[in-house]
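Visitor: Mind having a look at this structure? Questions to follow.
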């Protein structure tokens with residue numbers, strides 16, 4: 001009869017069975033809402049983002065928030081120790097989390113985080129990459145795809161020039177970064193499926 | 001819910017944050 005909400009945006013994976021479904025969801029939303037707000041604040045600072053229509057800003061943020069959070073919180077996944085730190089500060093081993101029912105997504109998150117951290121990006125590079133991630137989110141429902149594509153192109157060009165300048169002998173880094181975009185989309189899809197399957201009664 | 005973003009109330013949070021809702025900020 002145990003219930004777990006295995007998401008590091010949560011204080012802890014343990015769900016108090018004495019709480020109602022609404023209370024459980026409410027508590028979880030207190031954890032992730034500040035993180036979502038941070039993503040929005042970050043988006044507002046991306047040059048050109050505020051020039052998109054309000055509808056397209058919301059659409060991109062709805063589609064891309066999870067992907068941005070995966071990048072921003074990649075360091076919660078400690079590949080060396082095989083632990084995940086939850087927002088409450090506690091660390092949980094992979095084995096413990098697997099016993100709570102997490103499977104493919106957990107492995108995929110570790111794999112993604114390890115590869116991203118191995119690139120050793122600076123704060124500025126990571127920030128620009130995160131901006132690219134957001135404007136590369138799923139395009140369905142956008143009013144003006146051309147504007148979003150133009151913004152994406154500008155940001156990708158800026159990222160390439162920054163990476164080339166900072167790592168003149170490592171031309172593969174830029175390509176590796178771009179290849180992270182489809183990886184993030186896959187993680188997003190798996191996460192969405194799990195979210196839909198999660199029901200609090 | 002058929003949309004995970006709706007499930008999380010994501011659109012509402014995003015809209016309020018985009019508009020810079022004063023009440024939300026005070027929270």
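Protein chains in written order, with my numbering: chain Y, 1 to 201; chain L, 1 to 27.
Backbone N, C-alpha and C define an ideal beta-carbon position, used for all residues, glycine too.
(1) Quick check: is any heavy atom of the ligand ZN less than 7 Å from the C-beta of residue 154 (chain Y)?
(2) State the DSSP-derived secondary structure class of residue 171 (chain Y), mapped to helix, strand or coil.
(3) Distance cutoff 8 Å, beta carbons only. Does residue 37 (chain Y) sit that close to anything in chain L?
(4) Taking the Cβ atom as the reference point for each residue, do residue 100 (chain Y) and residue 13 (chain Y) lie within a distance shorter than 8 Å?
(5) Counting pairs of beta carbons, one from the segment 118-125 of chain Y and one from the segment 50-60 of chain Y, are three or more of them closer than 8 Å?
(6) Check whether the Cβ atoms of residue 14 (chain L) and residue 195 (chain Y) lie closer than 8 Å to each other.
(7) On the DSSP bridge assignment, give the partners of residue 12 (chain Y) in chain order.
(8) Between Y:108, Y:66, Y:161, which has its C-alpha nearest residue 128 (chain Y)'s C-alpha?
(9) How is residue 93 (chain Y) classed by DSSP in three states: helix, strand or coil?
(10) In angstroms, rounded to a whole number, what distance separates the CA positions of residue 111 (chain Y) and residue 184 (chain Y)?
(11) Considering only residues of the same chain and omitting the five flanking positions on each side of residue 90 (chain Y), which have a CB-CB separation below 7 Å?
(12) How many angstroms separate the CA atom of residue 28 (chain Y) from the CA atom of residue 66 (chain Y)?
(13) With distance defined between alpha-carbon atoms, name the residue in Y:64, Y:16, Y:72, Y:39 nearest to residue 189 (chain Y).
(14) Would you mind sorting residue 41 (chain Y) into buried or exposed? The rule is 16 or more other CB atoms within 10 Å of its CB.
(15) Roughly how far, in whole angstroms, is the beta-carbon of residue 97 (chain Y) from the beta-carbon of residue 84 (chain Y), given that I think they are within contact range, below 8 Å?
(16) Residue 180 (chain Y): which of Y:58, Y:124, Y:164, Y:109 sits nearest, CA to CA?
(17) At a Cβ threshold of 8 Å, is residue 41 (chain Y) touching chain L?
(18) So, is the C-beta of residue 61 (chain Y) closer than 8 Å to a C-beta in chain L?
(19) Are the Cβ atoms of residue 74 (chain Y) and residue 113 (chain Y) separated by less than 8 Å?
(20) Could you tell me whether any Cβ in chain L is nearer than 8 Å to the Cβ of residue 15 (chain Y)?
(21) Just the chain L side, please: which residues come within less than 9 Å of residue 29 (chain Y) by C-beta, in chain order?
(22) Counting only the same chain and skipping the five closest in sequence on each side, list residues whose C-beta sits under 8 Å from that of residue 57 (chain Y).
Guide: Checking against the coordinates, here is how it stands:
(1) Judged by which ligands are present, the structure shown has none, so any question about the ligand ZN falls away.
(2) DSSP places residue 171 (chain Y) in coil when its eight states are reduced to three.
(3) Yes, residue 37 (chain Y) counts as interfacial toward chain L.
(4) Cβ atoms of residue 100 (chain Y) and residue 13 (chain Y): closer than 8 Å.
(5) The count of Cβ pairs closer than 8 Å, one atom from the segment 118-125 of chain Y and one from the segment 50-60 of chain Y, stays below three, leaving the stretches out of contact.
(6) No, Cβ-Cβ distance for residue 14 (chain L) and residue 195 (chain Y) is not below 8 Å.
(7) Note: residue 12 (chain Y) sits in no beta bridge, so no partner.
(8) Of Y:108, Y:66, Y:161, the residue nearest in Cα terms is Y:161.
(9) The DSSP-derived three-state label of residue 93 (chain Y) is strand.
(10) Those two C-alpha atoms are separated by around 11 Å.
(11) These residues qualify, in order along the chain: 12.
(12) Taking the Cα positions, residue 28 (chain Y) is about 15 Å away from residue 66 (chain Y).
(13) Selected option, being the one with the closest Cα: Y:64.
(14) Classification of residue 41 (chain Y): exposed, given that the 10 Å Cβ count is below 16.
(15) That belief holds up - the Cβ atoms of residue 97 (chain Y) and residue 84 (chain Y) are roughly 6 Å apart, short of 8 Å.
(16) When only C-alpha atoms are compared, the closest one is Y:109.
(17) Yes, its Cβ sits closer than 8 Å to a Cβ of chain L.
(18) Contacts with chain L at 8 Å (Cβ-Cβ) include residue 61 (chain Y).
(19) Contact: yes.
(20) With 8 Å as the cut-off, residue 15 (chain Y) does not count as an interface residue toward chain L.
(21) The contacting residues are 8, 9, 13.
(22) Around residue 57 (chain Y): 43, 49, 50.
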